[in-house]
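For reference, the structure discussed in these notes is given below.
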Amino acid sequence: MTFLAPERLFLAIALAGLVAAYVVMQARRGRYAARFTNLELLEKVAPLRPGWRRHVPAAAFLLMMGLFVTGFARPAADVRVPREQATIMLAVDVSSSMEAADVEPDRLTAAQRAARTFLDGLPGRFNVGLVAFAGSAAVTVPPTTDRRAVRSGIDGLTLGPRTAIGEGVLSSLRAVTDFGAQFGEAAPPAHVVLLSDGTNTAGRSPEEAAQRAVAAGVPVSTIAYGTAEGVIYQNGTALPVPVDGPALERLAQQTGGGYYEAASGDELRQVYADIGGAVGYRTERREIWAWFAGAGLLAACVAALASLLWFSRIP
């Protein structure tokens, strides 16, 4: 929590003075009571003493003042607010390494299932596009709110040779730019979610793509997908296809996106759920003084009620 007018908290000094004055008055009252030595007469004059109850109205009053001073300083907190609209580009690696079976039933099939689940969890007003990349990249589905079109594109992904991660990012950025042109300066915010299981082996580098993404203000979240034990078979020969996590992590860090790792279909679905929660909301700083004002009014009611019930007067 922060304060938009912190200088107003200096009023707490006056509140501290009230607390000190109350403590002093109670101490003096105790000294005066000690001077009354005829205890039998005191019992007859005041057989029932309020004890701790006499402090309740004062404590509630001081609490009320503290809450009002805090609210007067305009406290604010970061609040997650659902986005009204956004453009999400799904960039999926369809290189031949995605046929590895270290993720059941294989990497590509599990990725398609998780992508469909991710798609279903996004708000219907979000525009979603699909880019497939292997040795090159292509926009399979431009940004759209038509979920059936995107789902059909996911189902139709096919494998190809090599891996062009940089091209996957650049194609996603072009799709975002083309789509946003119709809105001008009011274009919705965009985010690229890129899944890959290998090292960049074709096209422009991820570093160049990261620079372009930063210039466009589009974060790229990356998912390192698969395990270190993944293999594929070509002409009967086993070829290791381990995940290159560090390269994907650098891409995410450079663009302000998130980096995730998924070694199973369940983990991938959870990663997509986490990303969906992140891109579906924005953080706003909002004033929360009303909460303190409401609590202060409640404390005032407690002070008044306690005083009326126990002392038949209003403080």
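Under the working numbering, the first residue of the sequence shown carries the number 1262, and numbering increases by one thereafter.
We put the CB at the ideal spot given by N, CA and C, even for glycine.
None of these values were measured; they are calculated from a predicted model.
Look at the alpha carbon of residue i and the alpha carbon of residue j, and state the distance between them as a whole number of angstroms.
i	j	result
P1384	A1534	12 angstroms
D1407	M1359	27 angstroms
L1558	G1278	21 angstroms
E1490	V1502	7 angstroms
A1288	E1345	60 angstroms
M1325	A1281	16 angstroms
V1285	A1551	33 angstroms
F1394	E1365	22 angstroms
A1485	R1530	13 angstroms
L1303	P1336	Summary for L1303: the model assigns pLDDT 49, below 50, so the residue's position carries little reliability, and this model does not support an answer.
S1357	M1262	50 angstroms
L1500	P1449	43 angstroms
F1214	R1546	This structure cannot settle anything about residue 1214, because the visible part of the chain is limited to 1262 through 1576.
Q1373	L1420	12 angstroms
A1556	P1318	15 angstroms
A1471	I1549	38 angstroms
T1370	G1441	31 angstroms
A1425	R1465	7 angstroms
Y1521	A1362	20 angstroms
A1273	F1264	14 angstroms
V1392	A1463	16 angstroms
H1316	A1275	19 angstroms
Q1514	Y1283	56 angstroms
A1320	R1314	10 angstroms
A1564	V1532	51 angstroms
Quick one: measure Cβ to Cβ for residue i and residue j, integer angstroms, because I've assumed they're closer than 8 angstroms.
i	j	result
V1437	T1498	Their Cβ separation, rounded to whole angstroms, is 40 angstroms, which puts V1437 and T1498 out of contact at 8 angstroms.
L1351	V1454	6 angstroms
P1582	V1430	Absent from the structure is residue 1582, since the part of the chain shown begins at 1262 and ends at 1576.
A1410	V1400	Not really, about 12 angstroms apart at Cβ, beyond 8 angstroms.
G1487	V1504	5 angstroms
A1474	L1434	6 angstroms
D1354	T1544	The Cβ separation is near 30 angstroms, so there is no contact.
G1427	N1461	6 angstroms
R1377	R1412	6 angstroms
L1328	A1567	That pair is no contact at about 17 angstroms.
G1459	S1482	About 18 angstroms separates the two Cβ atoms, so there is no contact after all.
G1332	A1554	5 angstroms
Quick one: what does DSSP say residue i is sitting in, helix, strand or coil?
i	result
A1554	helix
M1350	strand
F1444	coil
E1528	helix
I1549	coil
V1355	coil
L1383	coil
L1420	coil
L1265	coil
S1466	coil
T1378	helix
G1427	helix
A1451	strand
A1362	coil
T1544	strand
D1439	helix
D1367	coil
D1458	coil
F1297	A caution first: F1297 carries a pLDDT of 49, below 50, which makes its placement in the model too unreliable to give a value.
Can you tell me whether residue i is buried or exposed, with buried defined as 16 or more other CB within 10 angstroms of its CB?
i	result
I1536	buried
Y1494	exposed
H1452	buried
G1478	exposed
F1444	exposed
D1439	exposed
F1297	Its pLDDT being 49, under 50, F1297 is placed unreliably by the model, and the measurement read from it follows with that caveat. Label assigned to F1297: exposed.
R1368	buried
D1416	exposed
A1266	exposed
L1404	As written in the sequence, residue 1404 is Pro, which differs from the Leu given in the question. P1404 is buried by the Cβ-count criterion.
L1456	buried
L1570	exposed
F1271	exposed
A1476	exposed
N1496	exposed
A1334	buried
A1447	exposed
For the region 1475-1522, which segments carrying the alpha helix (DSSP H) assignment without a break, of at least 4 residues, lie completely within its bounds, in sequence order? 1506-1516
Mind pulling the alpha helix (DSSP H) runs of 4 or more residues that sit fully within the region 1311-1336? 1317-1333
For the region 1386-1411, list the beta strand (DSSP E) runs that are entirely contained and at least 3 residues long, ordered along the chain. 1388-1394, 1398-1405
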